[in-house]
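> Sharing a structure below in structure tokens format, with a few things to ask.
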Amino acid sequence: MSPQYQLMAELEKAFDDLVEATEALMATARQHPPTMWRFDGEADLDWLMRALTDYWYQDGQDGRATRDHVGVVVANDVLLAHALDVNRYKDIFAQQLGVARKQHPSMIAELKATLPFRHPVLHDHLKGSGMARLHLKQCWRRIPIADAPVSRIRLAWYSSGRSIKRMSVAEVEAKLARLNNEAAHVQIQYRLLASLPDGEMLAQVQTQAPLMRANLFFREPLEDGHTRRAMNVALPLFVPAMDHRLPQINQPAPEPPEKRTRALRGDSKIESEPFIPSLRIYRYRY
1 MSPQYQLMAE LEKAFDDLVE ATEALMATAR QHPPTMWRFD GEADLDWLMR ALTDYWYQDG
61 QDGRATRDHV GVVVANDVLL AHALDVNRYK DIFAQQLGVA RKQHPSMIAE LKATLPFRHP
121 VLHDHLKGSG MARLHLKQCW RRIPIADAPV SRIRLAWYSS GRSIKRMSVA EVEAKLARLN
181 NEAAHVQIQY RLLASLPDGE MLAQVQTQAP LMRANLFFRE PLEDGHTRRA MNVALPLFVP
241 AMDHRLPQIN QPAPEPPEKR TRALRGDSKI ESEPFIPSLR IYRYRY
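Structure, rendered in structure tokens:
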């Protein structure tokens with residue numbers, strides 16, 4: 001068996017295991033429906049199933065964007081065990097995808113198109129709505145699970161997120177070379193880059209899409225003494241509670257704020273204006 005064929009078989013099994021673990025979770029939820037809350041509508045088992053199996057691109061969807069399903073599920077020990085199983089298979093699937101991207105990047109497009117056919121019920125249900133290709137990130141993103149019973153959850157939009165990648169002058173120059181070298185604005189940026197020392201490190205900054213964050217207030221301190229924790233909640237948050245009671249949950253604004261809600265830190269190590277605008281490259285303050 002060739003390494004590429006073996007990797008494809010492992011990815012197929014990882015996806016099968018993920019779907020089967022999710023189906024097992026939902027079977028348990030149907031037998032003993034949990035108490036639930038949903039941010040943008042009525043929370044029922046159909047919503048939970050849609051949220052946990054939203055693996056698909058919609059027509060016209062930006063490949064970098066993901067859909068969120070914000071809610072809370074009060075889970076007993078059995079349901080929590082299923083959620084942990086789902087996350088374990090998501091991690092395996094993500095790990096295998098990482099290997100495929102590194103060793104056989106041409107496999108990715110094939111995976112998006114072929115894996116859905118391994119589960120015709122899912123595929124046939126969704127393809128009529130223009131969803132027939134896998135959105136891989138939506139497959140492997142984990143279910144948020146609280147560490148312990150929670151008394152209160154405070155939800156808030158977070159629209160100040162940034163991803164920062166350190167790059168050398170040579171790496172930035174290589175990226176510039178892929179642009180239209182004859183364009184005047186590119187030539188200006190080449191000259192700016194040439195003025196820097198070869199050893200200077202730069203920052204490529206990507207503003208992240210707004211997301212919902214949850215501040216969890218635990219009923220009792222954790223073993224490490226912490227009484228609260230913040231986490232992103234793109235999928236329904238599972239909170240352990242044998243009494244089936246929802247914690248106190250605030251109702252955040254229906255849409256994220258249009259402008260940044262947090263002031264830039266005065267001690268930020270990155271300059272406020274881009275040095276190479278075409279690539280979102282910034283200099284560090286020294």
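First residue of the sequence shown? That's 1 in full-length UniProt numbering, and the numbers climb one at a time after it. Cβ coordinates follow ideal geometry from the N, Cα and C atoms, glycine included.
1) I need the DSSP call for Ala177, collapsed to helix, strand or coil.
2) Taking Glu110 as the reference, give the member of Glu182, Leu11, Arg67 and Tyr286 with the closest Cα.
3) Pair every Cβ in the segment 183-195 with every Cβ in the segment 225-240, then say whether three or more of these pairs are closer than 8 Å.
4) Quick one: Cα of Phe217 to Cα of Ala21, how far?
5) So, does the segment 88-103 touch the segment 134-152, judging by three or more C-beta pairs under 8 Å?
6) Decide if Asn87 is buried, meaning its Cβ has at least 16 other Cβ atoms within 10 Å, or exposed.
7) Using a Cβ distance threshold of 8 Å, determine whether the segment 75-90 contacts the segment 31-40, with at least three qualifying pairs required.
8) For Ser278, which of helix, strand or coil comes out of DSSP?
9) Secondary structure at Pro33, three-state DSSP: helix, strand or coil?
10) Here's a check: name, in chain order, each residue in its chain whose Cβ is nearer than 8 Å to the Cβ of Tyr89, leaving out the five neighbours to either side.
11) Indicate the three-state DSSP secondary structure (helix, strand or coil) for Met107 in the structure shown.
12) Using 8 Å for Cβ pairs, my map puts Ala29 next to Gly71. What's the rounded Cβ distance?
13) By the three-class DSSP mapping on this structure, what secondary structure does Ile143 have?
14) Taking C-beta to C-beta, are Tyr158 and Arg213 nearer than 8 Å?
15) How far does the alpha helix (DSSP H) with Arg133 in it reach, from first residue to last?
16) Pull the bridge partners of Ser168 from the DSSP assignment, please.
17) Does the structure place the segment 245-252 close enough to the segment 162-178 that three or more beta carbon pairs sit under 8 Å?
18) Label Leu222 either buried or exposed according to how many other C-beta atoms from any shown protein chain fall within 10 Å of its C-beta, with 16 as the threshold for buried.
19) Would Arg285 be called buried (16 or more neighbouring beta carbons within 10 Å of its own) or exposed?
20) Grab me the residues of Arg280's own chain with a C-beta within less than 7 Å of its C-beta, minus the 5 sequence neighbours each way, in chain order.
21) How big is the Cα-Cα spacing for Pro256 and Asp85?
22) Would you mind stating whether Ala100 and Leu7 have Cβ atoms separated by less than 8 Å?
Once the coordinates are examined:
1) Note: Ala177 maps to helix in three-state DSSP.
2) The shortest Cα separation from Glu110 among Glu182, Leu11, Arg67 and Tyr286 belongs to Leu11.
3) The segment 183-195 vs the segment 225-240: no contact.
4) Near 29 Å, if we compare the C-alpha coordinates of Ala21 and Phe217.
5) Touching, yes.
6) Burial check for Asn87: the Cβ neighbour count within 10 Å reaches 16 or more, so the residue is buried.
7) Yes, since at least three Cβ pairs between the segment 75-90 and the segment 31-40 fall closer than 8 Å, the two stretches touch.
8) Ser278: helix per DSSP, three-state reduction.
9) In the three-state DSSP reduction, Pro33 falls in the coil class, being neither helix nor strand.
10) Setting aside the 5 residues that flank it on each side, Tyr89 is surrounded in the same chain by Ala14, Asp17, Leu18 and Ala21, each with a C-beta closer than 8 Å to its C-beta; the list follows chain order.
11) Helix.
12) Not really, about 13 Å apart at Cβ, beyond 8 Å.
13) In the structure shown, Ile143 sits in coil (DSSP, three-state: anything other than H, G, I, E or B).
14) Cβ atoms of Tyr158 and Arg213: closer than 8 Å.
15) Membership of Arg133 in any alpha helix (DSSP H) is not indicated, and neither H nor E is assigned to it by DSSP.
16) Answer by DSSP bridge pairing, in chain order: Met201.
17) Proximity of the segment 162-178 to the segment 245-252 falls short of the contact definition, fewer than three beta-carbon pairs being nearer than 8 Å.
18) Only exposed fits Leu222, as fewer than 16 other CB atoms lie within 10 angstroms of its CB.
19) By the Cβ neighbour-count rule, Arg285 is exposed, with fewer than 16 other Cβ atoms within 10 Å of its own.
20) Here Arg280 has Gln204, Val205, Gln206 and Pro274 as same chain residues with Cβ atoms under 7 Å from its own Cβ, once five neighbours each way along the sequence are excluded.
21) If you draw a straight line from the Cα of Pro256 to the Cα of Asp85, it comes to about 32 Å.
22) Their beta carbons are under 8 Å apart, which means Ala100 touches Leu7 by this criterion.
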